[in-house]
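First to last, the protein sequences are chains A and B.
Heads up: the first sequence begins at 227 in my numbering, then just goes up one per residue.
Heads up: the second sequence begins at 166 in my numbering, then just goes up one per residue.
To start, the structure under review is shown below, and the notes come after it.
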Amino acid sequence: AQSVTQLDSQVPVFEEAPVELRCNYSSSVSVYLFWYVQYPNQGLQLLLKYLSGSTLVKGINGFEAEFNKSQTSFHLRKPSVHISDTAEYFCAVSDGSGSWGKLQFGAGTQVVVTP
Amino acid sequence: DGGITQSPKYLFRKEGQNVTLSCEQNLNHDAMYWYRQDPGQGLRLIYYSQIVNDFQKGDIAEGYSVSREKKESFPLTVTSAQKNPTAFYLCASSIGGSGDEQYFGPGTRLTVT
Chain A
227 AQSVTQLDSQ
237 VPVFEEAPVE
247 LRCNYSSSVS
257 VYLFWYVQYP
267 NQGLQLLLKY
277 LSGSTLVKGI
287 NGFEAEFNKS
297 QTSFHLRKPS
307 VHISDTAEYF
317 CAVSDGSGSW
327 GKLQFGAGTQ
337 VVVTP
Chain B
166 DGGITQSPKY
176 LFRKEGQNVT
186 LSCEQNLNHD
196 AMYWYRQDPG
206 QGLRLIYYSQ
216 IVNDFQKGDI
226 AEGYSVSREK
236 KESFPLTVTS
246 AQKNPTAFYL
256 CASSIGGSGD
266 EQYFGPGTRL
276 TVT
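What follows is the structure, given as structure tokens:
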């Protein structure tokens, strides 16, 4: 079974500074990778996903992520954050060889943006 | 607007009572999921259903039950056997394939005292 590790539980960052959230997954022949964002007391919203093709994936709200198969990583980045980016971010993986839609989530990274 | 509805937003129950959380979707999705979220633990899968009248246990199914009598609805019952039921519960749906995005409802926060 897949496992996902988000290396930072909390990331403080100043407004307009860049941010990187790290995600590593256990190896597999093929995987699908996702980043979701959760604002306080709300459900999750998809930021971006990697299925195949280009390893650099662009998502909503200026976020992007890079898939690195050799390092089994899928780190999320944003070059300049806003106060509104304060939220919890979850990395998730689906086994591409066929565990039919099941996602394994990381523990989450809380991003706190301050002026 | 298409989406997923969970009700109520907040739910309070006494220990020893069963409680049912509602989840409805109008996205015409085949697959539906229930997750439990606790601080610092991410989302853990309770049950999932690929089609009507069929469902499978997830990673933490003990103390929970579900039904899938209609495509649009996937209610979750938290039984008195669940040792630590206080949590945030999220329902999701997807078209059904392994690369498909899951769409999430707004969640229900259950507090049992």
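Glycine included, C-beta positions come from ideal geometry on N, C-alpha and C.
Check your understanding: Any C-beta of chain B sitting closer than 8 Å to the C-beta of residue 291(A)?
Key -> Taking the first sequence and counting its residues from 1, the one referred to as residue 291(A) is at position 65. It does not; no Cβ of chain B falls within 8 Å.
Review point. What number of angstroms, rounded off, separates the C-alpha of residue 230(B) from the C-alpha of residue 263(B)?
Key: What you label residue 230(B) is simply residue 65 of the second sequence in a count that begins at 1. What you label residue 263(B) is simply residue 98 of the second sequence in a count that begins at 1. When rounded, the distance between both Cα atoms is 24 Å.
Check your understanding: Does the beta-carbon distance from residue 277(A) to residue 251(A) come in below 8 Å?
Key -> Indexing the first sequence from 1 puts residue 277(A) at position 51. Indexing the first sequence from 1 puts residue 251(A) at position 25. Contact: no.
Review point. Should residue 173(B) be flagged as near chain A, meaning a C-beta pair shorter than 8 Å?
Key: Here residue 173(B) corresponds to residue number 8 of the second sequence, with the count starting at 1. Output row for residue 173(B): interface = no.
Review point. For residue 272(B) versus residue 316(A), is the C-beta spacing smaller than 8 Å?
Key: Position 107 of the second sequence, counted from the start, is the residue given in the question as residue 272(B). Position 90 of the first sequence, counted from the start, is the residue given in the question as residue 316(A). Not closer than 8 Å, so no.
Review point. Which residues mark the beginning and the end of the beta strand (DSSP E) in which residue 319(A) is found?
Key: Your numbering for residue 319(A) matches position 93 in the first sequence. Per DSSP, residue 319(A) belongs to the beta strand (DSSP E) from 313–321.
Check your understanding: Can you find a CB in chain A that lies within less than 8 Å of the CB of residue 190(B)?
Key -> Start at 1 with the first residue of the second sequence, and residue 190(B) comes out as number 25. No, because no Cβ of chain A sits closer than 8 Å to the Cβ of residue 190(B).
Practice item. Determine contact between the stretch 172–190 of chain B and the stretch 306–314 of chain A, defined as no fewer than three beta-carbon pairs at a distance below 8 Å. Key: no
**Study point:** Opposing strand residues paired with residue 238(A) [DSSP bridges]
**Key:** Taking the first sequence and counting its residues from 1, one reaches residue 238(A) at position 12. 338(A).
Point to revise | Distance, residue 311(A) Cα to residue 270(A) Cα | key: Stepping through the first sequence from its first residue, residue 270(A) is reached at position 44. Stepping through the first sequence from its first residue, residue 311(A) is reached at position 85. Rounded to whole angstroms, residue 270(A) to residue 311(A) spans 14 Å at the Cα level.
Review point. What residues in the stretch 235–251 of chain A have a beta carbon less than 8 Å from any beta carbon of chain B?
Key: 235
**Study point:** Contact residues within the stretch 239–265 of chain B, judged by C-beta distance below 9 Å to chain A
**Key:** 253, 255, 256, 257, 259, 260, 261, 262, 263, 264, 265
Check your understanding: Can you find a C-beta in chain A that's less than 8 Å from the C-beta of residue 213(B)?
Key -> Within the second sequence, the letter at position 48 stands for residue 213(B). Yes, its Cβ sits closer than 8 Å to a Cβ of chain A.
Check your understanding: Is it the case that the Cβ atoms of residue 332(A) and residue 230(A) are separated by a distance below 8 Å?
Key -> One-based indexing of the first sequence puts residue 332(A) at position 106. One-based indexing of the first sequence puts residue 230(A) at position 4. In this structure, residue 230(A) lies closer than 8 Å to residue 332(A) by Cβ.
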